[in-house]
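Structure first, commentary second.
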Amino acid sequence: MTIFCSHCHRPLQAEMRCLPARAKQAPSASRPFRSTKSASKARRDQINAELQALRSLLPISAQEKERLSYLHTMALVCLRLRGAQLFPPGTLSLLGPVWGTAPASHKTALHPHPPAGLAPPAGPALGTELLSLLPGFLLVLSADSKLVYISENVAQVLGLSVVELLAQGDTVFDILDGRVGEDVHKKLLLAQQEPGREVTFVSEMRTSKAFRLQHGGNRVVAVCGRFVALRWPPSPSTTAFLALCTPVVQSPTDGEAASQDDIFQSMHLLDMTLIDVTESVTYHLGYHREELVGQSWYSLLHPEDADLAAAQHRAVALGAGPGPAAGTAVLRVLRKDRAWTWLRVWARRDGGCITCT
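When you line the sequence shown up against UniProt numbering, it's residues 1 to 357, in that order.
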């Protein structure tokens, strides 16, 4: 009996087996190594060229550009893009030198015309003379708490330039003390839900190393602002949080004598009734000593700060141990002219009295 192969239909012997014919393959040889070094270098060169082109579009001095790292360059570019979205060309802008018009020399071969996202908004710039008259610096945030604008005079308050501050991060929480993050988030959310409602929060802000060495820590800043609809109809992409950031008096460092013009001292009973106050209170609050003696400390405080003051009061009055218990709080106190002023209050217990500075 003849057996045929099921593939080629040729007769086979019983012990043979036919397999499908395979094309002859060349002897195996390792593939030649293909280096990607040149391609990687080309990509890096392209990225560097694009970053340098973007840097050239920033309306800052050539000296400042030379000091910009790629990280700082991208931080400034992102800041400008967010600002261009909120303040498009043709709208009134509060933005100052960082948003000034770029000179013609900033046009490069790669970008003969500045991209639309980087085009500076039209409108008057906020001059350095006007900024110098403010008690603090200006801050603009987007609806998602991203930094949109920081006025140049921030260096006078925090010791950091706009570029150095942006290196900390691109949200307001990156420049604030992390301990108040939740409270700040709640207040910003409340302000966003009720546009036009003014909210205030106090926090330490990041400062330069030189500032921390001189003052013993970061600077406490009161941020007061509200959400404003820049265009109609209002939406998260057309609303911004505009705020004034005012520094609160720093505590004197160890070995540093505080000026009498910067502080005043008051003495209270354990229920915080005023029994004495220094004459310098007139300079800060406008009251004479006789007007305050016998009043409750709580009658001078802002309602939103009552809980914080009460917590400080309990901590000091019930402080454990034989020595004086100290506490610190930043509070709003009512001046005689019915305006609110921020005070940093250091309290300690001296026997049956509480002394505040």
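Beta carbons are placed, not taken as given, at the ideal position from N, Cα and C, and that holds for glycine. Keep in mind the model is a prediction, meaning the values are calculated, not measured.
Subject >> Start-to-end residues for the beta strand (DSSP E) that takes in residue 360 >> reply: With the chain running from 1 to 357 in the structure shown, residue 360 is simply not present.
**OP:** In angstroms with no decimal places, state the Cα-to-Cα distance between L138 and R80.
**Re:** C-alpha of L138 to C-alpha of R80: approximately 16 Å in a straight line.
Original post:
Going by C-alpha distance, which of P236, A210, E290, R226 is nearest F201?
Top reply: Comparing alpha-carbon positions, the option among P236, A210, E290, R226 lying closest to F201 turns out to be R226.
Subject >> Beta-bridge pairing of G225 - partner residues as DSSP gives them >> reply: In DSSP, G225 forms a bridge with V199, A243.
**OP:** On the DSSP bridge assignment, give the partners of A329 in chain order.
**Re:** Beta-bridge pairing by DSSP links A329 to V345.
Original post:
By Cβ distance below 6 Å, which residues in the same chain neighbour L58 in space, the five residues on each side in sequence not counted?
Top reply: For L58, where only same-chain residues beyond five positions count, the Cβ hits under 6 Å are L76.
**OP:** Go ahead and pull the three-state DSSP assignment for W340.
**Re:** Correct three-state label for W340: strand.
Original post:
Count the other CB atoms within 10 Å of the CB of W342; is the residue buried (16 or more) or exposed (fewer)?
Top reply: Taking all protein chains in view, the Cβ of W342 is crowded by 16 or more other Cβ atoms within 10 Å, so the residue is classified as buried.
Original post:
With which residues is T355 paired in a DSSP beta bridge?
Top reply: For T355, which the question treats as bridged, DSSP gives the partners M267, R348.
Original post:
Is DSSP giving E290 helix, strand or coil here?
Top reply: Taken through DSSP and simplified to helix, strand or coil, E290 comes out as helix.
**OP:** Could you check what DSSP says for E256 in three-state terms: helix, strand or coil?
**Re:** With a pLDDT of 46 at E256, under the threshold of 50, the modelled position of this residue cannot be trusted; read the value that follows with caution. Coil at E256, not helix or strand.
**OP:** Label G255 either buried or exposed according to how many other C-beta atoms from any shown protein chain fall within 10 Å of its C-beta, with 16 as the threshold for buried.
**Re:** Note that G255 scores 40 on pLDDT, short of 50, meaning its location in the model is unreliable; the coordinates nonetheless yield the value given after this. Only exposed fits G255, as fewer than 16 other CB atoms lie within 10 angstroms of its CB.
**OP:** Give every residue of the same chain whose Cβ lies closer than 7 Å to the Cβ of K336, excluding the five residues on either side of it in the sequence, and list them in chain order.
**Re:** Spatial neighbours of K336 in its own chain (CB-CB distance under 7 Å, excluding positions within 5 residues in sequence) are listed in chain order as L285, G286, Y287.
Original post:
Which residue's Cα is closest to the Cα of K206: A310, G294, E164?
Top reply: A small correction: the amino acid at residue 206 is Arg; Lys does not occupy that position in the sequence shown. Nearest C-alpha to R206: E164.
Original post:
Measuring CB to CB, does V223 end up less than 8 Å from V330?
Top reply: Contact: no.
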